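Participant: Heads up: the sequence shown begins at 17 in the working numbering, then just goes up one per residue.
Submitted below is the structure of interest, expressed as structure tokens.
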Amino acid sequence: MIDLSLLPDGGMAWLEASGVGSHLVVSTRVRLARNLKQHRFATRNDAAEREAIYGEVDAAAAEAAGLRRAVRFRVDHLELADRRLLHERHLLSRELAAPEPEGRVRQGGGLLVQESASIMVNEEDHLRLQAIRSGFALEGAWKAVSTLDVELGQRLAFAFHPEFGYLTSCPTNVGTGLRASVLVHLPGLVLTKEINKILQALTQVGLTFRGLYGEGSEVVGNLFQLSNQTTLGKSEPELLDHLGKLVRLVIENEERARQLLLRDATSIIEDKVWRAYALLRYARTLSLDETMNLLSGVRLGVGLGLIPNVGMYALNKLLVFAQPAHLAATERRTLSDDETPVRRAAYVRQVLEDEVGRRGPSAGTPSA
Numbered sequence: 017m018i019d020l021s022l023l024p025d026g027g028m029a030w031l032e033a034s035g036v037g038s039h040l041v042v043s044t045r046v047r048l049a050r051n052l053k054q055h056r057f058a059t060r061n062d063a064a065e066r067e068a069i070y071g072e073v074d075a076a077a078a079e080a081a082g083l084r085r086a087v088r089f090r091v092d093h094l095e096l097a098d099r100r101l102l103h104e105r106h107l108l109s110r111e112l113a114a115p116e117p118e119g120r121v122r123q124g125g126g127l128l129v130q131e132s133a134s135i136m137v138n139e140e141d142h143l144r145l146q147a148i149r150s151g152f153a154l155e156g157a158w159k160a161v162s163t164l165d166v167e168l169g170q171r172l173a174f175a176f177h178p179e180f181g182y183l184t185s186c187p188t189n190v191g192t193g194l195r196a197s198v199l200v201h202l203p204g205l206v207l208t209k210e211i212n213k214i215l216q217a218l219t220q221v222g223l224t225f226r227g228l229y230g231e232g233s234e235v236v237g238n239l240f241q242l243s244n245q246t247t248l249g250k251s252e253p254e255l256l257d258h259l260g261k262l263v264r265l266v267i268e269n270e271e272r273a274r275q276l277l278l279r280d281a282t283s284i285i286e287d288k289v290w291r292a293y294a295l296l297r298y299a300r301t302l303s304l305d306e307t308m309n310l311l312s313g314v315r316l317g318v319g320l321g322l323i324p325n326v327g328m329y330a331l332n333k334l335l336v337f338a339q340p341a342h343l344a345a346t347e348r349r350t351l352s353d354d355e356t357p358v359r360r361a362a363y364v365r366q367v368l369e370d371e372v373g374r375r376g377p378s379a380g381t382p383s384a
């Protein structure tokens with residue numbers, strides 16, 4: 017098993033709930049897609065060419081200040097359990113991690129991680145540069161990725177067209193190659209039944225939404241990943257500014273919805289959040305979807321000040337550590353389908369028990 021302690025903060029600094037608006041925004045991610053000019057794109061190249069691409073990227077990274085101390089993983093040499101761990105920590109995409117038992121691992125696949133920035137090699141594009149920050153932090157995430165882009169661009173020739181910009185495997189990424197996303201918790205808009213109207217409005221002005229694990233993932237726990245839909249025809253600052261303004265509007269609407277619920281349905285909201293807390297605190301089996309939805313209720317209670325002695329960091333941590341691969345890693349063995357819900361419930365109980373022990377019981381909560 018890989019040693020995750022080698023990663024800065026275990027690759028989990030984005031969970032620390034320290035950024036701006038972290039009671040609503042879990043994290044911000046900025047990603048750039050790049051391809052090497054002298055090589056065929058992923059849809060056309062072969063294993064030998066992917067090996068050459070990895071070698072060139074690795075050599076360039078060794079000379080770049082932002083990557084020379086990077087922790088390196090050859091993804092195609094990792095066991096399934098390790099690939100799943102990196103995927104659950106948002107360091108590997110589903111495509112590169114191949115987390116399903118029958119998944120086919122792409123030869124030449126790699127991951128380089130330094131500080132809170134990383135590079136996936138030989139994913140859909142030759143390089144995927146990304147940075148993830150806690151809270152609402154588009155500027156900080158962009159700065160980290162932009163620095164890597166400049167450093168690598170001085171050493172590698174990227175595929176670029178003077179009219180269209182950076183060339184990518186998927187036409188929707190052509191231009192800047194930039195995808196920025198903000199993972200935001202929106203239970204207020206869901207409960208007030210305003211969410212569909214908000215999401216439809218966002219799609220009309222160039223944004224899209226996905227679930228916790230991005231493209232192809234379902235929305236669970238009222239966690240929506242909002243991101244730009246196009247990359248062509250605008251500069252990076254323009255795309256980031258547009259996304260930032262719209263996310264701020266969504267946050268304002270969510271705050272209003274929460275205050276409306278608190279004013280007009282106090283008993284209902286209090287019952288919802290405390291029921292969610294009690295189930296997480298004492299349940300003996302928990303499915304993943306159930307855990308995510310209950311965590312949403314508790315997050316809402318913490319955000320509204322109804323559950324004062326549970327920290328957002330603990331709740332953020334559960335988003336990842338309640339996932340199957342992390343539960344198996346904690347147990348140091350493979351878990352059966354029947355064991356996983358039992359171990360998940362035990363882990364969640366322990367985290368919340370530790371919170372109570374550290375912070376003291378929440379008002380109205382019986383002692384364990």
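The beta-carbon is built from N, C-alpha and C at its ideal position, and this holds for glycine as well.
Note that the structure is a prediction, hence the values are computed from the model and not measured.
1. How would you label residue 330, buried or exposed, when you count the other beta carbons within 10 angstroms and need 16 or more for buried?
2. Between which two residues does the beta strand (DSSP E) harbouring residue 194 extend?
3. Nearest to residue 87 by alpha carbon, out of 100, 114, 76 and 24?
4. Taking the C-alpha atoms as reference points, what is the distance between residue 252 and residue 363?
5. Out of 360, 55, 285 and 350, which one is the CA nearest neighbour of residue 300?
6. Under 8 angstroms, Cβ to Cβ, is there at least one residue of chain C near residue 74?
7. How close, in whole Å, do the beta carbons of residue 267 and residue 200 come, if the pair is a contact with beta carbons under 8 angstroms?
8. Among residues of its own chain, excluding the 5 on either side of residue 288, which ones have a beta-carbon nearer than 6 angstroms to its beta-carbon?
9. Take residue 225 and list the residues in its own chain whose beta-carbon comes closer than 6 angstroms to its own, dropping the five residues that flank it on each side.
10. With a CB to CB cut of under 8 angstroms and the five nearest residues on each side skipped, what residues in its chain are close to residue 350?
11. Count the other CB atoms, across all protein chains shown, that sit within 10 Å of the CB of residue 118; report buried if there are 16 or more and exposed otherwise.
12. Kindly indicate the opening and closing residues of the beta strand (DSSP E) around residue 144.
13. Of the choices 106, 185 and 156, whose alpha-carbon is the least far from that of residue 139?
14. Pull up the DSSP beta-bridge partners for residue 154, would you.
15. Spell out a yes or no on whether the stretch 134–150 and the stretch 71–82 are touching, meaning 3 or more CB-CB pairs, one atom from each, closer than 8 angstroms.
16. Please list the terminal residues of the continuous beta strand (DSSP E) segment that includes residue 128.
17. Given that a residue counts as buried once 16 or more other Cβ atoms are within 10 Å of its Cβ, and exposed if not, what is residue 19?
18. Which residue from 129, 282, 207 and 52 puts its Cα closest to that of residue 237?
19. Is residue 49 helix, strand or coil by DSSP?
20. Does the pairing of the stretch 52–70 with the stretch 155–169 give three or more beta-carbon distances under 8 angstroms?
21. Buried or exposed: which applies to residue 69, given that a residue is buried once 16 or more other Cβ atoms fall within 10 Å of its Cβ?
22. Identify the continuous beta strand (DSSP E) that holds residue 225 and give its terminal residues.
Facilitator: On the basis of the supplied data:
1. Within the sequence shown, numbered from 1, the residue matching residue 330 stands at position 314. Classification of residue 330: buried, given that the 10 Å Cβ count is 16 or more.
2. Within the sequence shown, the letter at position 178 stands for residue 194. Per DSSP, residue 194 belongs to the beta strand (DSSP E) from 194–201.
3. Walking along the sequence shown from the start, residue 87 turns up at place 71. Residue 87 has its Cα closest to that of 24, out of 100, 114, 76 and 24.
4. As a position in the sequence shown, residue 252 is number 236, starting the count at 1. As a position in the sequence shown, residue 363 is number 347, starting the count at 1. Computed Cα separation, rounded: 41 angstroms.
5. Locating residue 300 in the sequence shown gives position 284, counting from the first residue. It is 360.
6. In the structure shown, chain C does not exist; there is a single protein chain.
7. Working through the sequence shown from its first residue, we reach residue 267 at position 251. Working through the sequence shown from its first residue, we reach residue 200 at position 184. About 7 angstroms separates the two Cβ atoms, so the contact holds.
8. Translated into positions along the sequence shown, residue 288 becomes position 272. Within the same chain, residue 288 has close Cβ partners 313.
9. The count along the sequence shown starts at 1 and reaches residue 225 at position 209. Answer for residue 225: 215, 240 and 242, listed in chain order.
10. Taking the first residue of the sequence shown as position 1, residue 350 is located at position 334. 97 and 344, listed in sequence order.
11. For the purposes of this step, residue 118 is taken as the residue at position 102 of the sequence shown. Burial call: exposed.
12. For the purposes of this step, residue 144 is taken as the residue at position 128 of the sequence shown. It spans 143–150 - the beta strand (DSSP E) in which residue 144 sits, taken as one unbroken run.
13. Along the sequence shown, read from residue 1 onward, the residue named residue 139 stands at position 123. Closest by alpha carbon: 185.
14. For the purposes of this step, residue 154 is taken as residue 138 along the sequence shown, with counting starting at 1. Note: residue 154 sits in no beta bridge, so no partner.
15. yes
16. Translated into the one-based positions of the sequence shown, residue 128 becomes position 112. It spans 126–130 - the beta strand (DSSP E) in which residue 128 sits, taken as one unbroken run.
17. Residue numbering aside, residue 19 sits at position 3 when the sequence shown is read from its first letter. Residue environment analysis places residue 19 among the exposed positions, since fewer than 16 neighbouring C-beta atoms fall within 10 angstroms of its C-beta.
18. For the purposes of this step, residue 237 is taken as residue 221 along the sequence shown, with counting starting at 1. When each option's Cα is compared against that of residue 237, the closest is 207.
19. As a first step, residue 49 must be located in the sequence shown, where it is residue number 33. Residue 49: strand per DSSP, three-state reduction.
20. Between the stretch 52–70 and the stretch 155–169, the count of Cβ pairs shorter than 8 angstroms is below three; the stretches do not touch.
21. For the purposes of this step, residue 69 is taken as the residue at position 53 of the sequence shown. Counting the other Cβ atoms within 10 Å of the Cβ of residue 69 gives 16 or more, which makes it buried.
22. Counted from its first residue, the sequence shown places residue 225 at position 209. Start and end: 223–226.
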